[in-house]
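Q:
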Amino acid sequence: MRKVLVLSLLLLLPLAVAQEIKIVEFKIDGTMKVTIDEVGNAHVTEVWKFTPNLYLQMKQAYPTTYMLKREFENKRSDTEYKNMKIEWDDSNNQIKATYVMLGAAVNKGSYWEFKLGESDLTLSTQTGNTVVLTSVQPLFGGQGRLVETITIVLPEDAKNIRFENGVIKYELPYKESSRSPIFLALAGVAVIGLVLLNIPLKRERQ
Numbered sequence: 034m035r036k037v038l039v040l041s042l043l044l045l046l047p048l049a050v051a052q053e054i055k056i057v058e059f060k061i062d063g064t065m066k067v068t069i070d071e072v073g074n075a076h077v078t079e080v081w082k083f084t085p086n087l088y089l090q091m092k093q094a095y096p097t098t099y100m101l102k103r104e105f106e107n108k109r110s111d112t113e114y115k116n117m118k119i120e121w122d123d124s125n126n127q128i129k130a131t132y133v134m135l136g137a138a139v140n141k142g143s144y145w146e147f148k149l150g151e152s153d154l155t156l157s158t159q160t161g162n163t164v165v166l167t168s169v170q171p172l173f174g175g176q177g178r179l180v181e182t183i184t185i186v187l188p189e190d191a192k193n194i195r196f197e198n199g200v201i202k203y204e205l206p207y208k209e210s211s212r213s214p215i216f217l218a219l220a221g222v223a224v225i226g227l228v229l230l231n232i233p234l235k236r237e238r239q
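The numbering of the sequence shown is my numbering, which starts it at 34 and goes up by one.
#1: Going by C-alpha distance, which of F59, K192, E197 and L149 is nearest M65?
#2: Determine, using beta-carbon pairs with one atom in the segment 156–165 and one in the segment 179–193, whether at least three such pairs fall under 8 Å.
#3: Return the Cβ separation of K115 and Y99 in integer angstroms, given the expectation that the two are a contact with Cβ distance under 8 Å.
#4: Counting C-beta neighbours from all protein chains within 10 Å, is the total for N74 16 or more, i.e. buried, or is it exposed?
#5: Could you round the C-beta distance between D190 and P206 to whole angstroms and report it? I think they count as a contact, below 8 Å.
#6: Can you give me the start and stop residues for the alpha helix (DSSP H) that Q159 sits inside?
#7: Counting C-beta neighbours from all protein chains within 10 Å, is the total for E104 16 or more, i.e. buried, or is it exposed?
#8: Taking the alpha-carbon of M91 as reference, which of V67, I128 and N193 has the nearest alpha-carbon?
#9: First and last residue of the alpha helix (DSSP H) that includes N86?
#10: Output the distance between the C-alpha atoms of Y88 and G142, rounded to the nearest integer angstrom.
#11: Report the three-state DSSP secondary structure of E146 (helix, strand or coil).
#12: Measuring alpha carbon to alpha carbon, tell me which residue in R178, G199, T158 and M117 is nearest V26.
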């Protein structure tokens, strides 16, 4: 079965980078907002906050955001992105990324499906067309942890919304369109070397 994996800037970097970085205190707090439009594209904003020492080492390994962007795009060559922007926030020890992932939600005919991949995501709240998921996972053999909150905003007229086994399913009123549904899947993810993105997370893979 094809899988659409939500991205999380955290799982991008190669494991080799992580092995070069000495971890004294390793903690990452991540927030992700994913807004799905009516044709299934995901408009994503991610913010990853690091402990100070980890943030500094990250910047030493990747001194420019262009390097992070290139690394990300090389890892995800099977997926089409638009308007990708990655920024360092030195005052808050954060990395922020915004981008559009085309065809993230798949039209299955009678319903739409948005797959986040295999992980221990927990449904926190569901209000109207908004679903909030949370996850706390160990990293690097228990030397650190990743705490993540994902807010997914579905189209305004979405109904019969449910979250099951890492998949959000919902229905939309039928509308005439000359466009064919977009069927696009993200391929697997690199476990994390140290930071950035892709969330199907098995974050001990991130």
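Note that the Cβ used here is the ideal one computed from N, Cα and C, for glycine as well.
A: Based on what the coordinates show:
#1: The shortest C-alpha to C-alpha distance from M65 to any of F59, K192, E197 and L149 is the one to L149.
#2: Contact between the segment 156–165 and the segment 179–193 is present, because at least three Cβ pairs lie under 8 Å.
#3: At roughly 17 Å, the Cβ-Cβ gap does not stay under 8 Å, so K115 and Y99 are not in contact.
#4: Classification of N74: buried, given that the 10 Å Cβ count is 16 or more.
#5: With a Cβ gap of about 6 Å, D190 and P206 count as contacting.
#6: Not the alpha helix (DSSP H): Q159 falls in the beta strand (DSSP E), residues T155 to T160.
#7: By the neighbour-count rule (16 or more Cβ atoms within 10 Å), E104 is buried.
#8: It is I128 whose Cα lies nearest to the Cα of M91.
#9: According to the DSSP assignment, N86 belongs to the alpha helix (DSSP H) that extends over P85 to A94.
#10: Using only the alpha carbons, I get a separation of about 44 Å.
#11: Annotated three-state conformation of E146 is strand, per DSSP.
#12: Absent from the model: residue 26. The displayed extent of the chain is 34 to 239, so no value can be given.
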